[in-house]
Amino acid sequence: MSIFDIEHSPENNFVKNNPKYLKSMFGTAELQPFWIADMDFKVASAITESQTDIVERGIYAYEDITPMVTKAISDWNFRRHNLKLNPEYFIQVNGVLTAIAILLRTLSEEGDGVMIQTPVYHQFFSVIKGANRKIIDNPLKFENSRYTFDFEQMENQLKSESTKIILLCNPHNPVGRVWHQKELETLIKLANQYQVTIVSDEVHSEIVYSNSKFNSILSFSNTENHIAILGSPAKTFGMQSNANGYIYVQNKELFEKNYNLVTSMYLHHGGALTAYGTLAAYTKGEVWVNELVMYLEETVNWIDNFLINDLPQITMIKPEGTYQVWLDFSKLKISEDELKELMFKNAKLGLAPGYWFGDQYNLFMRMNIASPKQKIEDAFKTLKQVIDNL
Ligand SMILES: Cc1ncc(COP(=O)(O)O)c(C=O)c1O
C-alpha cells in the first residue's frame, strides 16, 4: 500500500469541503469535492519534521532564510531540469496569484491587453480584470485529440491589439498540456517580434508524466526579457495553504521595478513555518515527489482505461502533466443544466464546471485527482451507475 492510498478525514475548514462554498457553487453541500487543485495527501515527512522543529523551538522572532530557500530552488531546478538559475534573481511573494497581480502592474498600464489561451485556470480572468487590464483570448485549438496553440490567430491579435503580456500556463491547467520545445520556440519568437512579455506560470512544472518533458521559459536563450513564475511548493508538495510564490526576473531593470513594488508593499515577508517547510521540500522532498508523480500517472491510466472500456460516453483529454483531468461530456447529448444535475445532485460529485475555464466549455468538467486512487475509482463507478440509469 502506498502512503497516497491513505484516506484522511475531511475538515470543514478546508475550502474544498466548506459547506458554504459548496452550496454556493454546486447548489448543495452533499457532494464529494474534486474541484479545487489541492491534495488529500499528507506532505512529505521531511516537511512535517522541519516544521515541527520550528514549532518546538517556540520562538517566532523575525527571521529570514530566503537566500537558503532560493538556493534550494535553484539547485532543485538544476538537478531536475538542468536549468541554471541565479538565486539573486528571485523575488519572493506570498503566492502565485500575487506574483501575477504584481507583474500585470509592472509590465502594463490599465487598459492594456493580456493574452491568455482558454480554456485556462479561471483565476487568470479575475486577476487580469482586477488589475483593469483587458483579456485578449487566444483560444487553444483542439486537433488530433490534443490542444495546441493557435499561432495564426495569436499573430493577428498581436498585430492589432495593444497586448503587453502573454500569460502562459505551462503545464497548462486544465487541459494538461506540457508545452513542447518547438511550441515554446514559436511563442517566444512571436513575443519577441511584437515586443510582448511572456509571464510563464510554471506552478505545475513538477507534475509531468512519462514521455513528456517540461521546458521552462528560462531554458531558452532569447528570453532575457521574459519572466517566469517558478511556482511555489504549493502544487508540487501539496503545501497549498503553506506556500509562497517565486518570481524569477533576469532583466536588471525589470527586476528592480518588480522588487521595488514588492518591497514597498512588504509582500516579500513570509512566515517561518512556510520558509522552513519550503526549504525541507526542495532539499529533502524529491523521492516523495517522484513517488507522487508515479501514483498520479497510475490514476490517470486507470481513468483512461475505465472510460474507454466502461464509460465511453465521457472522454478524458489525457493529461501530459498536472493533477487536473479535463473531461468532455458532450457525447451524453444533454444540456448544461442536465449535466450539473447529473454530476452534483445524482452522482454527488463536485467537479469544477468547464465554463469556469472558458465560455464554450459548458459540457466539460475538470476533476482534481490528487486523492487516494480508491476514491477516484469509486467516483467513476458511481458516475457510470448514474449514466447507465439515464
Ligand atoms: C496555473 C495556476 N496558477 C496559480 C495557481 C494558484 O497559486 P497560488 O495559490 O499560489 O496563488 C493555481 C492553482 O490552482 C494554478 O493552477
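Using this note's numbering, the letters of the sequence shown correspond one by one to residues 60 to 449. The C-beta atom is built at its ideal place from N, Cα and C for all residues, glycine as well. The structure presented is a predicted model; accordingly, all values stated were derived computationally and were not measured.
- Message: So, does the region 278-285 touch the region 397-410, judging by three or more C-beta pairs under 8 Å?
- Response: Counting Cβ pairs under 8 Å, fewer than three are found: no touch.
Q) So the beta strand (DSSP E) Lys-193 belongs to, where does it begin and stop? A) Element bounds for Lys-193: 193-196.
message: Quick check on this structure: which residue in Phe-416, Ala-429, Ala-411 and Gln-372 has the alpha carbon closest to the alpha carbon of Leu-449?
response: Comparing Cα positions, the closest option is Gln-372.
Q) On the three-state DSSP scale, how would you describe Met-402? A) Helix, per DSSP.
Three-state secondary structure assigned by DSSP to Phe-439: Helix, per DSSP.
Confirm the yes/no value for this check: CB of His-263, any heavy atom of ligand 1, distance under 8 Å.
-> The answer is yes for His-263.
Pick from Glu-379, Asn-368 and Asp-369: whose alpha carbon is nearest that of Val-359?
Out of Glu-379, Asn-368 and Asp-369, Glu-379 has the C-alpha closest to the C-alpha of Val-359.
request  = Quick one: which unbroken beta strand (DSSP E) runs of 3-plus residues sit fully inside the region 296-329? Chain order, please.
outcome  = Within the region 296-329, the complete beta strand (DSSP E) runs of at least 3 residues are 304-308.
**Message:** Just to confirm the assignment, what range does the beta strand (DSSP E) spanning Asn-274 have?
**Reply:** Per DSSP, Asn-274 belongs to no beta strand (DSSP E) and is neither H nor E.
With the cut-off set at 9 Å, would you say Ile-159 and Leu-226 are in Cβ contact? The answer is yes: Cβ separation under 9 Å.
*asked:* I'd like the list of long-range same chain contacts for Phe-314, defined as Cβ closer than 6 Å, with 5 residues on each side in sequence excluded.
replied: The beta carbon of Phe-314 sits closer than 6 Å to the beta carbons of Val-308 from its chain, once the five residues preceding and following it are set aside; these are given in chain order.
Endpoints, alpha helix (DSSP H) assigned at Asn-360: Element bounds for Asn-360: 345-369.
Open item on the list: I want to know whether the region 217-235 touches the region 116-123 - three or more CB-CB distances under 8 Å.
Closed with: Too few Cβ pairs lie closer than 8 Å, so no.
Any alpha helix (DSSP H) of 4 or more consecutive residues that is wholly inside the region 123-195
Within the region 123-195, the complete alpha helix (DSSP H) runs of at least 4 residues are 125-140, 155-166 and 182-189.
Which word fits Asn-145, buried or exposed, when buried means at least 16 other C-beta atoms lie within 10 angstroms of its C-beta?
When all chains shown are included, Asn-145 counts as exposed.
| said: For Arg-116, report the span of its alpha helix (DSSP H) as first-last. | reply: Segment 104-116, the alpha helix (DSSP H) holding Arg-116.
> Can we count Tyr-268 as close to ligand 1, meaning its CB is less than 8 Å from some heavy atom?
Replying inline: Distances between the C-beta of Tyr-268 and the heavy atoms of ligand 1 are all 8 Å or more.
- Task: Note down the Cα distance separating Glu-108 from His-327, rounded to an integer number of angstroms.
- Result: Inter-residue distance for Glu-108 and His-327 is about 25 Å (C-alpha atoms, whole angstroms).
Does the Cβ-Cβ distance between Asp-99 and Glu-147 come in under 9 Å? No, they are not a contact pair.
**Report entry** Local conformation of Glu-214 per DSSP, three classes
**Finding:** Secondary structure of Glu-214 (DSSP, three-state): helix.
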